[in-house]
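Remarks on the structure that follows.
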Amino acid sequence: MAGLGTLRKPAAVAGGLISLLSPRGILSRLFTVFSPSMRGLLRLLGLLFLLVNIKSLPLMWHGRFYLALYHHLLRNRSSHPTPAHLFAPISTLSRPSLYECDVNMHKSNSTYFSDLDINRTHLVAHLIKRSLQLRRKRGERPMYVALAGVIALFRREIKPFEKYEMRSRVLSWDGKWIWVVSHFVKCGSNGKDHDMAKRIYASCLSKYVCKEGRKTVPPEQVLTESGLLPQRPEGIPAPDYGNSVFTPSEGVSGTSSPSTPDLVHISGSTLLVASARYDDVLDKVLEKSLQANAGEEGAGWTWQRIERERKRGMEVAKGMLLLDRLDVEVRDVERWGVLH
Numbered sequence: 005m006a007g008l009g010t011l012r013k014p015a016a017v018a019g020g021l022i023s024l025l026s027p028r029g030i031l032s033r034l035f036t037v038f039s040p041s042m043r044g045l046l047r048l049l050g051l052l053f054l055l056v057n058i059k060s061l062p063l064m065w066h067g068r069f070y071l072a073l074y075h076h077l078l079r080n081r082s083s084h085p086t087p088a089h090l091f092a093p094i095s096t097l098s099r100p101s102l103y104e105c106d107v108n109m110h111k112s113n114s115t116y117f118s119d120l121d122i123n124r125t126h127l128v129a130h131l132i133k134r135s136l137q138l139r140r141k142r143g144e145r146p147m148y149v150a151l152a153g154v155i156a157l158f159r160r161e162i163k164p165f166e167k168y169e170m171r172s173r174v175l176s177w178d179g180k181w182i183w184v185v186s187h188f189v190k191c192g193s194n195g196k197d198h199d200m201a202k203r204i205y206a207s208c209l210s211k212y213v214c215k216e217g218r219k220t221v222p223p224e225q226v227l228t229e230s231g232l233l234p235q236r237p238e239g240i241p242a243p244d245y246g247n248s249v250f251t252p253s254e255g256v257s258g259t260s261s262p263s264t265p266d267l268v269h270i271s272g273s274t275l276l277v278a279s280a281r282y283d284d285v286l287d288k289v290l291e292k293s294l295q296a297n298a299g300e301e302g303a304g305w306t307w308q309r310i311e312r313e314r315k316r317g318m319e320v321a322k323g324m325l326l327l328d329r330l331d332v333e334v335r336d337v338e339r340w341g342v343l344h
């Protein structure tokens, strides 16, 4: 029994040390140093810190994500978009918390993507909810939309707690991918701004794929089921998506538009764009279509007009397809790595 008592003493000492060195023990000892009024102030400051960083607290991203799904798929499930909404942007507002800011005291580049997740969820859920409803009624396997890639260009800083707006819309699609273009802009920016480039904080391009198990669901099928694509006129063949998709084995010359491209200088950057002559003709055709169908909601967005806009957007999306070549740029660390 004496030996057992001898063993209990070191165990009690060890238990006491662990209790003192635990986070709770350290905090309780620190709090005893301060007066009751000081302790109340510290609690208030701690609560204030949590409130100003509430956006970055654990599970908050999940809450915002599922709230977006609930808003579109359940609460507003009977509100269906029309062809006029296919290329229309959806907007959400936010502010960067202190936790989202880096050492330079502006919104960290990595946090743009978590914001984009929520903004794009609003867009995708709103656009394809009718297709999801039809598939459920037909008893088909559930379809899900998977993010396959994102690229971002950072233009200007966003300061702590500065209010900003995120705008996302469908840019284009082909036989497999749907491209969504997103912009972080200063609040209050609109189409009448002659210097919109100075109000953009960041521009992003995302690539989505619709899946039913392991099977890829063509975007055209999903958009048609969602009531976003009018019926293709008789005599017009189906779009040849194979010609609009860039593969890593193709040369750069195969990515340009059928017309002669022009080099245009925009904001200090030289960009390859479709011929201005083609754009002029396109604008005239679209203007005539709008005038002929004025007064009918979404009537101006005929199949021909939507197809022209899809092809125009593909000229931008092809740049992202070029990034598939990055897979061949990986190097063996043991052979080529920097010594350290």
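Numbering-wise (this note's numbering), the sequence shown opens with residue 5 and increments by one.
Built from N, CA and C at the ideal position, the CB exists for glycine as well.
- Under the three-state reduction of DSSP, residue 233 is assigned to coil, being neither helix nor strand.
- Contact between residue 69 and residue 174 does not hold, since their C-beta atoms are separated by about 20 Å, which reaches or exceeds 8 Å.
- Residue environment analysis places residue 322 among the buried positions, since at least 16 neighbouring C-beta atoms fall within 10 angstroms of its C-beta.
- Between the C-alpha atoms of residue 100 and residue 211 there is a straight-line separation of about 25 Å.
- Per the coordinates, the alpha-carbon of residue 320 lies some 32 Å from the alpha-carbon of residue 108.
- Residue 158 has 206 as its beta-bridge partners, per DSSP.
- Of the residues assessed, residue 50 falls on the exposed side of the cut-off, its CB having fewer than 16 other CB atoms within 10 angstroms.
- Where residue 169 is concerned, the enclosing beta strand (DSSP E) starts and stops at 168 to 177.
- Inter-segment contact for the stretch 223 to 235 and the stretch 150 to 163 is absent: fewer than three beta-carbon pairs are separated by less than 8 Å.
- For residue 86, the closest of 304, 335, 341 and 308 by C-alpha to C-alpha distance is 304.
- Here the stretch 215 to 225 lies against the stretch 134 to 154, with 3 or more beta-carbon pairs under 8 Å apart.
- As summarised for the stretch 54 to 79, the continuous alpha helix (DSSP H) elements at least 4 residues long and confined to that stretch are 64 to 74, given in chain order.
- In the assembly as shown, residue 202 is an exposed residue. Its beta-carbon has fewer than 16 other beta-carbons within 10 Å.
- The C-alpha of residue 185 is placed about 10 Å away from the C-alpha of residue 155.
- Note: residue 94 is bridge-paired with 172 in the DSSP secondary-structure output.
- Around the beta carbon of residue 119, 16 or more other beta carbons lie within 10 angstroms, which makes this residue buried.
- Counting every other CB atom within 10 Å of its CB across the protein chains shown gives residue 79 a total below 16, marking it as exposed.
- Judged by DSSP secondary structure, residue 307 falls within the alpha helix (DSSP H) whose first and last residues are 307 to 325.
- With respect to the 8 Å criterion, residue 177 and residue 223 are classified as neighbours on the basis of their beta carbons.
- Exposed is the label assigned to residue 83, since fewer than 16 other Cβ atoms lie within 10 Å of its Cβ.
- The beta carbon of residue 103 sits closer than 6 Å to the beta carbons of 57 and 60 from its chain, once the five residues preceding and following it are set aside; these are given in chain order.
- Residue 213 has 150 and 181 as its beta-bridge partners, per DSSP.
- Relative to residue 151, the option among 200, 128, 165 and 114 whose CA is nearest is 128.
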